[in-house]
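Participant:
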Amino acid sequence: MLLVIDVGNTNIKLGVYDNNTLVHSWRLSVKVIRTADEIGILFAGLFGSKDINLKNFDGVIMSSVQPSLNYTIEHACEYYLGKKPIMVGVGIKTGLNIKYSNPQEVGADRIVNSVAAYRLYGGPCIVVDFGTATTFNVISPKGEFLGGCIAPGIITGLEALVNNTAKLPRVEIAKPDSIIAKSTVTALQAGMIYGSTGMVKYIVKKLKEESGYDNVKVIATGGLSEVVLGVDDEKIIDVVDRSLTLKGLKIIYDMN
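The sequence shown runs 1 to 256 under the numbering used here.
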(Lines of atoms letter the chains of each structure in order from A; the text may use other names.)
(Lines give C-alpha, C1' and ligand atoms only; values in the text may rest on other atoms or scores of the structure.)
Protein backbone atom coordinates (compact mmCIF):
# COMPACT_ATOMS: atom_id res chain seq x y z
CA MET A 1 0.00 0.00 0.00
CA LEU A 2 0.99 3.61 -0.61
CA LEU A 3 0.22 6.62 1.59
CA VAL A 4 -0.06 9.96 -0.23
CA ILE A 5 -0.06 13.22 1.77
CA ASP A 6 -0.82 16.73 0.55
CA VAL A 7 -0.19 19.48 3.11
CA GLY A 8 -2.10 22.59 2.10
CA ASN A 9 -2.66 25.95 3.73
CA THR A 10 -5.93 24.90 5.39
CA ASN A 11 -6.14 21.10 5.20
CA ILE A 12 -3.93 18.04 5.10
CA LYS A 13 -5.28 15.52 2.60
CA LEU A 14 -4.40 11.84 3.10
CA GLY A 15 -5.00 9.00 0.65
CA VAL A 16 -4.30 5.27 0.77
CA TYR A 17 -3.65 3.40 -2.47
CA ASP A 18 -3.91 -0.35 -2.78
CA ASN A 19 -2.07 -0.98 -6.05
CA ASN A 20 -3.67 1.57 -8.42
CA THR A 21 -6.92 2.09 -6.50
CA LEU A 22 -7.53 4.94 -4.06
CA VAL A 23 -9.31 2.99 -1.34
CA HIS A 24 -9.53 5.59 1.45
CA SER A 25 -9.03 9.34 1.87
CA TRP A 26 -9.33 11.85 4.70
CA ARG A 27 -8.94 15.57 5.41
CA LEU A 28 -7.30 16.98 8.55
CA SER A 29 -7.13 20.62 9.59
CA VAL A 30 -3.67 22.20 9.47
CA LYS A 31 -2.42 22.85 13.00
CA VAL A 32 1.21 23.93 13.03
CA ILE A 33 1.59 23.16 16.76
CA ARG A 34 0.98 19.41 16.34
CA THR A 35 3.87 17.14 17.35
CA ALA A 36 5.06 14.05 15.49
CA ASP A 37 3.44 11.88 18.17
CA GLU A 38 0.10 13.66 17.78
CA ILE A 39 0.23 13.09 14.04
CA GLY A 40 1.19 9.46 14.64
CA ILE A 41 -1.83 9.00 16.91
CA LEU A 42 -4.07 10.52 14.23
CA PHE A 43 -2.60 8.07 11.70
CA ALA A 44 -3.22 5.17 14.06
CA GLY A 45 -6.85 6.18 14.62
CA LEU A 46 -7.69 6.85 10.97
CA PHE A 47 -5.94 3.78 9.57
CA GLY A 48 -7.14 1.56 12.41
CA SER A 49 -10.75 2.49 11.64
CA LYS A 50 -10.21 0.88 8.22
CA ASP A 51 -8.23 -2.12 9.58
CA ILE A 52 -4.98 -0.86 8.04
CA ASN A 53 -1.81 -1.87 9.86
CA LEU A 54 0.61 1.04 10.21
CA LYS A 55 3.50 -1.18 9.14
CA ASN A 56 1.81 -2.36 5.93
CA PHE A 57 2.77 0.65 3.83
CA ASP A 58 5.32 0.10 1.06
CA GLY A 59 5.97 3.81 0.63
CA VAL A 60 4.90 7.39 1.37
CA ILE A 61 4.97 10.48 -0.86
CA MET A 62 4.21 14.01 0.29
CA SER A 63 3.70 17.47 -1.21
CA SER A 64 3.58 20.50 1.04
CA VAL A 65 3.16 24.27 1.05
CA GLN A 66 3.77 24.36 4.82
CA PRO A 67 7.55 24.11 5.36
CA SER A 68 7.12 24.40 9.14
CA LEU A 69 5.19 21.09 9.18
CA ASN A 70 7.43 19.06 6.88
CA TYR A 71 9.93 17.77 9.44
CA THR A 72 7.18 16.87 11.92
CA ILE A 73 5.18 14.84 9.40
CA GLU A 74 8.31 13.20 7.99
CA HIS A 75 9.34 12.20 11.52
CA ALA A 76 5.85 10.79 12.23
CA CYS A 77 5.97 8.71 9.04
CA GLU A 78 9.42 7.35 9.83
CA TYR A 79 8.59 6.52 13.47
CA TYR A 80 5.03 5.19 13.12
CA LEU A 81 5.01 3.80 9.56
CA GLY A 82 8.68 2.92 9.19
CA LYS A 83 8.90 4.85 5.90
CA LYS A 84 10.63 8.10 4.96
CA PRO A 85 8.39 10.11 2.62
CA ILE A 86 9.44 11.11 -0.87
CA MET A 87 9.07 14.90 -0.93
CA VAL A 88 7.77 16.55 -4.11
CA GLY A 89 10.33 19.22 -4.92
CA VAL A 90 13.62 19.87 -6.64
CA GLY A 91 15.10 16.74 -8.20
CA ILE A 92 11.86 14.77 -8.34
CA LYS A 93 10.72 13.40 -11.71
CA THR A 94 7.32 14.79 -12.68
CA GLY A 95 7.22 14.46 -16.45
CA LEU A 96 6.49 18.20 -16.73
CA ASN A 97 8.78 20.73 -18.35
CA ILE A 98 8.34 23.74 -16.09
CA LYS A 99 8.55 26.98 -18.10
CA TYR A 100 8.79 29.27 -15.09
CA SER A 101 11.38 32.01 -14.54
CA ASN A 102 12.39 30.18 -11.35
CA PRO A 103 10.92 26.64 -11.28
CA GLN A 104 11.59 26.39 -7.53
CA GLU A 105 8.95 29.07 -6.92
CA VAL A 106 6.10 26.90 -8.19
CA GLY A 107 4.08 25.42 -5.33
CA ALA A 108 4.22 21.64 -5.02
CA ASP A 109 0.42 21.48 -5.09
CA ARG A 110 0.30 23.24 -8.47
CA ILE A 111 2.86 20.81 -9.90
CA VAL A 112 1.06 17.74 -8.55
CA ASN A 113 -2.32 18.90 -9.89
CA SER A 114 -0.81 19.69 -13.29
CA VAL A 115 0.86 16.26 -13.51
CA ALA A 116 -2.43 14.52 -12.76
CA ALA A 117 -4.48 16.67 -15.14
CA TYR A 118 -2.07 16.16 -18.03
CA ARG A 119 -1.66 12.42 -17.48
CA LEU A 120 -5.36 11.72 -16.90
CA TYR A 121 -7.07 14.20 -19.22
CA GLY A 122 -4.38 15.19 -21.74
CA GLY A 123 -3.17 18.54 -22.95
CA PRO A 124 -3.63 21.34 -23.52
CA CYS A 125 -5.49 21.88 -20.28
CA ILE A 126 -6.15 24.44 -17.59
CA VAL A 127 -6.23 23.34 -13.96
CA VAL A 128 -8.24 25.42 -11.48
CA ASP A 129 -7.73 24.58 -7.80
CA PHE A 130 -10.33 26.06 -5.42
CA GLY A 131 -8.48 26.15 -2.13
CA THR A 132 -7.25 28.79 0.30
CA ALA A 133 -6.03 30.43 -2.90
CA THR A 134 -7.67 29.84 -6.29
CA THR A 135 -4.85 28.85 -8.63
CA PHE A 136 -4.90 28.59 -12.41
CA ASN A 137 -2.29 26.49 -14.27
CA VAL A 138 -1.84 26.11 -18.03
CA ILE A 139 -0.29 22.94 -19.47
CA SER A 140 0.65 22.66 -23.13
CA PRO A 141 -0.01 19.68 -25.44
CA LYS A 142 3.66 18.70 -24.89
CA GLY A 143 3.34 18.57 -21.12
CA GLU A 144 4.88 21.98 -20.46
CA PHE A 145 3.84 23.89 -17.36
CA LEU A 146 3.48 27.34 -18.89
CA GLY A 147 2.45 29.19 -15.72
CA GLY A 148 -0.84 30.73 -14.68
CA CYS A 149 -2.14 32.99 -11.94
CA ILE A 150 -3.13 33.01 -8.28
CA ALA A 151 -6.22 34.70 -6.82
CA PRO A 152 -7.85 34.73 -3.37
CA GLY A 153 -9.94 31.68 -2.51
CA ILE A 154 -13.67 31.96 -1.87
CA ILE A 155 -13.40 31.42 1.89
CA THR A 156 -10.28 33.60 2.07
CA GLY A 157 -12.23 36.46 0.50
CA LEU A 158 -15.12 35.96 2.93
CA GLU A 159 -12.77 35.87 5.94
CA ALA A 160 -11.15 39.12 4.79
CA LEU A 161 -14.57 40.80 4.70
CA VAL A 162 -15.63 39.46 8.08
CA ASN A 163 -12.34 40.32 9.79
CA ASN A 164 -12.18 43.85 8.39
CA THR A 165 -15.78 44.98 8.89
CA ALA A 166 -17.78 45.57 12.04
CA LYS A 167 -21.13 43.98 11.21
CA LEU A 168 -20.68 41.44 8.40
CA PRO A 169 -21.21 37.89 9.70
CA ARG A 170 -19.65 34.58 8.68
CA VAL A 171 -22.06 32.76 6.40
CA GLU A 172 -22.40 29.39 4.74
CA ILE A 173 -20.87 29.23 1.26
CA ALA A 174 -24.04 28.50 -0.72
CA LYS A 175 -25.70 29.80 -3.87
CA PRO A 176 -28.61 32.16 -3.05
CA ASP A 177 -31.86 32.10 -5.02
CA SER A 178 -31.16 35.51 -6.56
CA ILE A 179 -28.19 37.79 -7.13
CA ILE A 180 -30.45 40.68 -6.06
CA ALA A 181 -30.19 39.76 -2.38
CA LYS A 182 -32.73 40.81 0.24
CA SER A 183 -30.61 40.19 3.36
CA THR A 184 -27.02 40.61 4.51
CA VAL A 185 -26.48 36.85 4.56
CA THR A 186 -27.72 36.30 1.00
CA ALA A 187 -25.91 39.46 -0.15
CA LEU A 188 -22.63 37.99 1.07
CA GLN A 189 -23.42 34.61 -0.50
CA ALA A 190 -24.29 36.25 -3.81
CA GLY A 191 -21.12 38.32 -3.80
CA MET A 192 -18.92 35.34 -2.96
CA ILE A 193 -20.48 32.82 -5.35
CA TYR A 194 -21.25 35.03 -8.36
CA GLY A 195 -18.12 37.10 -7.87
CA SER A 196 -15.91 34.01 -7.79
CA THR A 197 -17.73 32.52 -10.78
CA GLY A 198 -17.21 35.71 -12.77
CA MET A 199 -13.53 35.80 -11.83
CA VAL A 200 -13.00 32.18 -12.88
CA LYS A 201 -14.94 32.67 -16.12
CA TYR A 202 -12.93 35.76 -17.11
CA ILE A 203 -9.51 34.35 -16.13
CA VAL A 204 -10.16 31.07 -17.98
CA LYS A 205 -11.28 33.05 -21.05
CA LYS A 206 -8.08 35.15 -20.99
CA LEU A 207 -5.86 32.09 -20.41
CA LYS A 208 -7.39 30.40 -23.46
CA GLU A 209 -6.91 33.54 -25.57
CA GLU A 210 -3.30 34.13 -24.54
CA SER A 211 -2.24 30.47 -24.82
CA GLY A 212 -3.69 30.27 -28.32
CA TYR A 213 -4.72 26.64 -27.87
CA ASP A 214 -7.98 25.28 -29.25
CA ASN A 215 -10.09 22.71 -27.42
CA VAL A 216 -8.51 23.40 -24.01
CA LYS A 217 -10.02 21.18 -21.33
CA VAL A 218 -10.63 22.89 -17.96
CA ILE A 219 -10.19 20.63 -14.94
CA ALA A 220 -11.25 21.81 -11.48
CA THR A 221 -10.31 20.45 -8.08
CA GLY A 222 -10.44 21.57 -4.47
CA GLY A 223 -13.10 21.58 -1.79
CA LEU A 224 -15.19 24.35 -3.36
CA SER A 225 -14.86 23.32 -7.01
CA GLU A 226 -18.47 22.13 -7.23
CA VAL A 227 -19.82 25.40 -5.78
CA VAL A 228 -18.88 27.31 -8.94
CA LEU A 229 -19.90 24.51 -11.31
CA GLY A 230 -23.34 25.14 -12.74
CA VAL A 231 -23.77 28.69 -11.38
CA ASP A 232 -23.49 30.16 -14.88
CA ASP A 233 -25.43 28.90 -17.90
CA GLU A 234 -22.22 28.98 -19.93
CA LYS A 235 -20.03 25.97 -19.25
CA ILE A 236 -16.77 27.03 -17.62
CA ILE A 237 -15.44 23.75 -16.22
CA ASP A 238 -15.28 20.48 -18.16
CA VAL A 239 -14.25 18.09 -15.37
CA VAL A 240 -14.42 18.26 -11.57
CA ASP A 241 -11.96 15.86 -9.93
CA ARG A 242 -11.75 16.39 -6.17
CA SER A 243 -9.08 13.68 -5.83
CA LEU A 244 -6.80 15.21 -8.47
CA THR A 245 -3.97 16.02 -6.03
CA LEU A 246 -3.96 12.53 -4.51
CA LYS A 247 -3.93 10.99 -7.99
CA GLY A 248 -1.03 13.24 -9.00
CA LEU A 249 0.99 12.13 -5.97
CA LYS A 250 0.47 8.47 -6.94
CA ILE A 251 1.63 9.20 -10.52
CA ILE A 252 4.76 11.00 -9.29
CA TYR A 253 5.52 8.20 -6.80
CA ASP A 254 5.42 5.64 -9.61
CA MET A 255 7.84 7.80 -11.66
CA ASN A 256 10.31 7.91 -8.79
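For glycine and all other residues, C-beta sits at the position ideal for the given N, C-alpha and C. Remember, predicted model here, so these are calculated numbers, not experimental data.
Is it buried or exposed for V23, if we count other Cβ within 10 angstroms and need 16 for buried?
Facilitator: Counting Cβ neighbours within 10 Å, V23 comes out exposed, since fewer than 16 surround it.
Participant: I5 and Y253 look like a contact to me (Cβ under 8 Å); what is the Cβ gap, rounded to whole Å?
Facilitator: The Cβ separation is near 11 Å, so there is no contact.
Participant: Could you check where the alpha helix (DSSP H) with K235 kicks off and where it finishes?
Facilitator: It is not in any alpha helix (DSSP H) - K235 carries neither H nor E in the DSSP assignment.
Participant: In angstroms with no decimal places, state the Cα-to-Cα distance between W26 and T135.
Facilitator: Roughly 22 Å between the two C-alpha positions.
Participant: Starting from V138, follow its DSSP beta bridges and name the residues at the other end.
Facilitator: Per DSSP, I126 and G147.
Participant: From the DSSP output, read off the bridge partner residues of R27.
Facilitator: BP columns for R27 point to K13.
Participant: If we ignore side chains and look at the alpha-carbon of each, how far apart do K31 and I155 end up?
Facilitator: So the two alpha carbons sit approximately 18 Å from each other.
Participant: Which of helix, strand or coil does DSSP assign to L168?
Facilitator: Coil.
Participant: Please report the distance separating the alpha-carbon of L224 from that of F130.
Facilitator: Roughly 6 Å separates the two Cα atoms.
Participant: Mind checking whether V88 and S63 have CB atoms under 7 Å apart?
Facilitator: Yes. Within cutoff.
Participant: The alpha helix (DSSP H) spanning M192 covers which residue range?
Facilitator: Element bounds for M192: T184 to S211.
Participant: Where does the unbroken alpha helix (DSSP H) through M1 begin, and where does it stop?
Facilitator: Neither: M1 is in no alpha helix (DSSP H) and is coded neither H nor E.
Participant: Using the Cβ count rule (16 or more neighbours within 10 Å means buried), how would you classify E74?
Facilitator: Label assigned to E74: buried.
Participant: What distance in whole Å lies between the Cβ atoms of M192 and I173, which are believed to be in contact at a cut-off of 8 Å?
Facilitator: Between M192 and I173 the Cβ distance is about 6 Å, and since that is below 8 Å, they are a contact.
Participant: Rounding to the nearest angstrom, what Cα-Cα distance links M1 and G59 in this structure?
Facilitator: Going from the Cα of M1 to the Cα of G59 covers about 7 Å.
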